[in-house]
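If you're matching them up, the sequences are chains Z and S in order. Every number in the working numbering is 131 more than the matching position in the first sequence, counting from 1. Every number in the working numbering is 131 more than the matching position in the second sequence, counting from 1. Backbone N, C-alpha and C fix where the C-beta goes; we use that ideal spot for every residue, glycine too. Written below as structure tokens is the structure these notes are about.
2 protein chains.
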Amino acid sequence: MTGYLLQKSIPLLFRVRATLSPLGLDEKPAMCSRITAMVLVRRRLETALFGHRSYTEGSRVSEAGNRPLSSGVRARHLPLARVRTYSSGTRLNDRLLFRQLFESESSTYTYLLADAVSKDAVLIDPVLETIDRDLKLIDELGLQLRVAVNTHCHADHITSTGLMKTRRAGLKSAISKSSGAKADILLTEGDEIRFGKHHLMVRETPGHTDGCVTLVTPDQSMAFTGDALLIRGCGRTDFQQGCSKSLYNSIHKKIFTLPAHCLIYPAHDYRGQTVSTVGEERAFNPRLTKSLDEFVTIMNNLNLPKPSKIDISMPANLVCGVQPI
Amino acid sequence: MTGYLLQKSIPLLFRVRATLSPLGLDEKPAMCSRITAMVLVRRRLETALFGHRSYTEGSRVSEAGNRPLSSGVRARHLPLARVRTYSSGTRLNDRLLFRQLFESESSTYTYLLADAVSKDAVLIDPVLETIDRDLKLIDELGLQLRVAVNTHCHADHITSTGLMKTRRAGLKSAISKSSGAKADILLTEGDEIRFGKHHLMVRETPGHTDGCVTLVTPDQSMAFTGDALLIRGCGRTDFQQGCSKSLYNSIHKKIFTLPAHCLIYPAHDYRGQTVSTVGEERAFNPRLTKSLDEFVTIMNNLNLPKPSKIDISMPANLVCGVQPI
């Protein structure tokens, strides 16, 4: 198991300065008081964005005042508000910020996860066409992007990880070792991708490609399944070392063994669905509820057209997109 | 204030039977033991979907065994799992199931909310083209759809609420009284849309149209803003009784007064963004961070083309879509 302990090396000023204007905070601090001004600006920015306790989106309110919300986490008393629990997009106890983003041409989901305290962030499957949108959001939220990871070597779009590295100092790209692609971090089974006090666990789930991985939160409440398991579907297996038997076993042994409530966040959806659960896919996935033999037969008879971008995406994605690392 | 206390009138059997096959539960119970069989089937379905405690997606796990998670809610001990807190998409303490769905032609978001215990559900802004997808999901999750509500009389797509009423007994359509449209429930400021033990509060937010409403959860953690406030944008004001000044005031007085962490779920997004927060929009919305006069000038100079579907959508949506109520 490899742990990537990331350094907080990106200066705060650039990120904060980019967000000052809408808050009316665009005065330039004197050099000698820059750190103090940065702290003040950061506090004002956090207050504006997250409220007095710099919460992220999705917190909820309960009646109690000063009692444990989960192991080791104690909420302070709020005179006016109330102690919060959680809703979609965030959790208070572990302060995990989460955003799902969509690229419509390739129907790709990009996921942003961040430690709402340290501001360290990880981006999953970013797409070249939406790099400006993604970096703007990351800057607005005051995050420091530490790792940009691809769940596999995509055939339908070009990743933005390479270009992103040229635009954010200290950013590391990541992909599985089995993909054969180059990146700063080559992932294998059991690796952890750390961001602040959070991390994602790597599960190798080959079948769509040899190098597909599923990224799982430590509590197994969220799984980013790439092109292995889709909502009521799965990735195709007819190119790029695809193997139906391998995919079937990956999903049944590495994903369907997660808790029923575990949220499934795929790399794509083509029907406007945003999320599923392990329990739902175990019960309703039209392919994976079949036997292995039936599944192989289904996959062998999909007769899908060749992905339109495969000839440019595959070579580019072997080197983090258009920019060599 | 009007409260809509909904009756549980839809037979369970139809919904459960529709989901039996993937679970291998498609044997037909004898008439005399149908109720018992239904209970067993329901338990097996819930276990398959949600785990041993019939949780919905998004639950999280913490270390403790049998202690309060929030006021009035006590978690039972789980021998193998652990007591859960929450993550995106659901909350354990109030058992709110939540799904965001997307219709790509009009870039419309539809929202499904349900009481995970009683299974009563409400659907916000459903689109005609995705009625089959939406009803299939509702059936798979074992929900009873009580109310289908439109945040306003849409100009860019036809609502499915009318057709949906012909396909789900007991379903009520809802829209604001100020919209001038017909529906079973005509909403005004302060009304509550109830589903199980949950409800949404109605805030009138005119400006895009006279009849726009924003629906807010009682704890103010989620706001469904329709076309009033979009992510880093807002609805246009150049037709259908649109008024820039009114929209500006609606957003500032009825939405920006919500807590900073309150999640903003709009009726549309055209850039692949799924959610924002009040804090973010207060800080970064390029239109709403301006003065009223500047906002009016911006809105008067958008020069947008006429919505392609307005001539068919508007008359249809005045009567819940293609089907008269």
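Coil, strand or helix - residue i by DSSP
i: D251/S; result: strand
i: V453/S; result: coil
i: A245/Z; result: strand
i: Y240/S; result: strand
i: I316/S; result: strand
i: G403/Z; result: coil
i: V204/Z; result: The predicted position of V204/Z is uncertain, since its pLDDT is 23 and thus under 50; no value can be drawn from it.
i: I395/S; result: strand
i: S310/S; result: helix
i: R418/S; result: coil
i: G301/S; result: coil
i: T292/S; result: helix
i: I362/S; result: coil
i: L228/S; result: strand
i: L346/Z; result: strand
i: A354/S; result: strand
i: L435/S; result: coil
i: F326/Z; result: strand
i: R367/Z; result: coil
i: A286/Z; result: coil
i: T261/S; result: helix
i: L276/Z; result: strand
i: F426/S; result: helix
i: L389/S; result: coil
Buried or exposed by the 16-neighbour rule on C-beta atoms within 10 Å, applied to residue i
i: A245/S; result: buried
i: Y401/S; result: exposed
i: T336/S; result: buried
i: L254/Z; result: buried
i: L243/Z; result: buried
i: P446/S; result: exposed
i: S439/Z; result: exposed
i: D424/S; result: exposed
i: D263/Z; result: exposed
i: L433/S; result: exposed
i: K296/Z; result: buried
i: R298/Z; result: exposed
i: K437/S; result: exposed
i: G293/Z; result: buried
i: L435/S; result: exposed
i: G338/Z; result: buried
i: G321/S; result: exposed
Whole-angstrom distance between residue j and residue i, CA atom to CA atom
i: T408/S; j: N380/S; result: 18 Å
i: A279/S; j: T319/S; result: 16 Å
i: K313/S; j: N431/Z; result: 50 Å
i: A414/S; j: K421/S; result: 10 Å
i: G373/Z; j: L360/Z; result: 14 Å
i: L272/Z; j: T405/S; result: 15 Å
i: V344/Z; j: S309/Z; result: 9 Å
i: C451/Z; j: K328/Z; result: 26 Å
i: T282/S; j: T348/S; result: 14 Å
i: V333/Z; j: I306/Z; result: 10 Å
i: H399/Z; j: Y240/Z; result: 6 Å
i: S352/Z; j: E323/S; result: 32 Å
i: G196/S; j: L227/S; result: Annotation note: pLDDT 28 at G196/S (below 50); position unreliable, coordinate value reported separately. Distance between the alpha carbons of G196/S and L227/S: 22 Å.
i: F326/Z; j: F229/Z; result: 12 Å
i: R418/S; j: T428/S; result: 10 Å
i: C284/Z; j: L346/S; result: 41 Å
i: S249/Z; j: N448/S; result: 47 Å
i: G311/S; j: G342/S; result: 8 Å
i: L266/S; j: D256/Z; result: 30 Å
i: L378/Z; j: N416/Z; result: 14 Å
When the options are compared against residue i, the one with the closest alpha-carbon
i: F426/Z; options: L394/Z, V450/Z, H383/Z, S444/Z; result: H383/Z
i: D270/Z; options: T292/Z, D251/Z, T282/Z, K385/Z; result: D251/Z
i: P390/S; options: D350/S, H399/S, N434/S; result: D350/S
i: E260/S; options: E236/S, D341/S, T282/S; result: E236/S
i: Q275/S; options: A247/S, V258/S, H285/S; result: A247/S
i: F370/Z; options: L266/Z, D442/Z, R230/Z; result: D442/Z
i: E234/S; options: G403/S, T388/S, L294/S, R226/S; result: G403/S
i: L331/Z; options: S375/Z, F387/Z, R277/Z, E412/Z; result: R277/Z
Proximity test, residue i beta-carbon vs the ligand SAH heavy atom, cut-off 7 Å
i: H288/Z; result: With respect to the ligand SAH, the structure shown offers nothing to examine, as it has no ligands at all.
Taking contact to mean 3 or more Cβ pairs, one atom from each stretch, closer than 8 Å, check whether the stretch 389 to 401 of chain S and the stretch 343 to 361 of chain S are in contact. The stretch 389 to 401 of chain S makes contact with the stretch 343 to 361 of chain S; the number of CB pairs closer than 8 Å reaches 3 or more.
Touching by the beta-carbon criterion (3+ pairs, under 8 Å), the stretch 362 to 372 of chain S and the stretch 289 to 305 of chain S: no
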